[in-house]
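In the numbering used here, the protein residues as written are 733 to 1204. Note that the Cβ used here is the ideal one computed from N, Cα and C, for glycine as well. Since this is a predicted model, take the numbers as computed values, not measurements. Take a look at the structure set out below.
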Amino acid sequence: MTMIRTRFAPSPTGYLHIGGARTALYSWLHTRRHGGRFVLRIEDTDRERSTPEAVNAILEGMAWLGLDYDEGPFYQTERYDRYREHLQTLLDSGQAYYCYCTKDRLERLRTEQQARKEKPRYDGRCRDLDGPPSEDVADEPVIRFRTPLEGHVVVEDAIRGKVQFLNSELDDLVIARGDGSPTYNFTVVVDDLEMGVTDVIRGDDHLNNTPRQIHLYQALGVEPPRFAHVPMILGEDGKRLSKRHGSVSVLQYRDEGYLPEALLNYLVRLGWSHGDQEVFGVEELIQLFDINDVNHSASTFNPSKLQWLNQQHIMRAAPNHIARHLGPFLAERGVDPAEGPSLEAVVRTQQERAKTLVEMADNSLFFYRRPEAYEEKAARKNFKEGTAEILEHCQHLFAGLPSWDAESIHGVVTEAAEAFDVKMGKVAQPIRVAVSGGAVSPPIDATLELLGREESVARLSAAVEWVRENVG
């Protein structure tokens, strides 16, 4: 059996967007499941719009998602000699020809056809010429492919099934411009041919290119690859996903605190399912994913569902994995995670409640630096008359504990509630505000254990002083 070889071939005219990432994921999963090879090709022939920054954004996005490639990246701009050689092969065999029509003539032809309500198409004027015509001659002729005039092309698509195109509906495709540069449909075929690509998984906006490309494969003497055209992703307004829908760059989701595996999990579900299961690990996806099971209808991007999945992955992941991703977010906020409680221990206390790593980082800052001020609403609600005495009582008991652990800390809170004849919340909440600056934190016993005895006592002491100065 021939080894499966797939490719992801983005154009570096912008970032790696959500639709491209899903295409890359489907190709990657298909390859990994079958023990094949995954090739990365950068289609950078659009010199005006392709930028090194965009190339770097694509490579960075792939790396963050963990979509490792076995070969590449290959750059089309480094392969012009190969394209010229194959162009000459088609010219020599008579399967391609020079077209001398000017832009003006082609525009007039198009206008006339539209006036007759015909589909605009090249009329084959230069198809059988032995040389340039006597008039309306372009300074630089293009090269066109001689498309068969009769019959049809059948695309056996893994997602859409059998799709048939009549050759009579296809005109003679330009495969090289007047300056000699090859066009998209031609370079794709040459690249896939030379890179041994067996399976082409791409967006369904390329479906109409497929019959033309099949003709080119056959003219160059090779069997076309298998095709799978993935349906588009829509925004919640039913229109094609674009910048107006917000975060569509993969790296933007990284910066917003999403885990790569959560985004992969979400993307794979935009068109594929396995029963009613929602949450998948990457290794599980490799075992289960089948390109033939992808739905052929468009999917709708739902940011709320993505956030829910991210929360599920945060809750289920190993703390050391979360810690590796969380560290940079704390660093951005001026915190050195090495100077304070164990980052893994902090993660364990926060995993159950954070939807994103941004939220986890913001809610964990107090572990690494004392709050500069108390949240106004939290202080007003929890720092009352008599609170200073409760906090001071706890402070002294904490200082004298023989063992600093959650169980002993919980015992102090319980004893203080009994001593002042109040509910546990009337003790725990003021302590929470005192040490974190706000009304929300992990369980107070786990929070204080992580902060350590010395820091906890110091923060309680500062709170006692603040309450006595600010509460009547």
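Distance from the CA of residue 1118 to the CA of residue 1158, rounded to the nearest whole angstrom, comes to 10 Å. If you draw a straight line from the Cα of residue 1064 to the Cα of residue 1028, it is about 42 Å long. The Cβ atoms of residue 906 and residue 915 sit closer than 8 Å to each other. Taking every protein chain shown into account, the CB of residue 826 has fewer than 16 other CB atoms within 10 angstroms, so this residue is exposed.
Per the C-alpha coordinates, the member of 1124, 739, 749, 737 positioned closest to residue 986 is 749.
Around the CB of residue 1168, 16 or more other CB atoms lie within 10 Å, so the residue is classed as buried.
Rounded to whole angstroms, the gap between the alpha carbons of residue 1155 and residue 1101 is 29 Å. Taking 4 residues as the minimum length, the alpha helix (DSSP H) runs contained wholly in the segment 902-941 are 916-926, in order along the chain. About 7 Å separates the beta carbon of residue 1123 from that of residue 1163, a gap short enough to meet the 8 Å contact definition. Its chain contains 886, 888 as the residues whose beta carbon lies nearer than 7 Å to that of residue 894, once the 5 sequence neighbours on both sides are disregarded; these appear in chain order. The Cβ atoms of residue 762 and residue 738 lie closer than 8 Å to each other.
Cβ neighbours of residue 852 within its own chain (closer than 7 Å, five residues either side excluded): 842, 845, 846. The alpha-carbon separation between residue 1129 and residue 1144 amounts to approximately 7 Å. Leaving aside the five residues that flank residue 779 on each side, none in its chain has a CB nearer than 6 Å to its CB. For residue 1167, no beta strand (DSSP E) encloses it; the enclosing alpha helix (DSSP H) starts and ends at 1157-1168. Taking the CA atoms as reference points, residue 1019 sits about 11 Å from residue 767.
In terms of Cβ geometry, residue 1105 and residue 1125 do not form a close pair [threshold 8 Å].
Going by C-alpha positions, residue 868 is about 25 Å away from residue 819. Straight-line measurement puts the Cα of residue 1000 at about 42 Å from the Cα of residue 1165.
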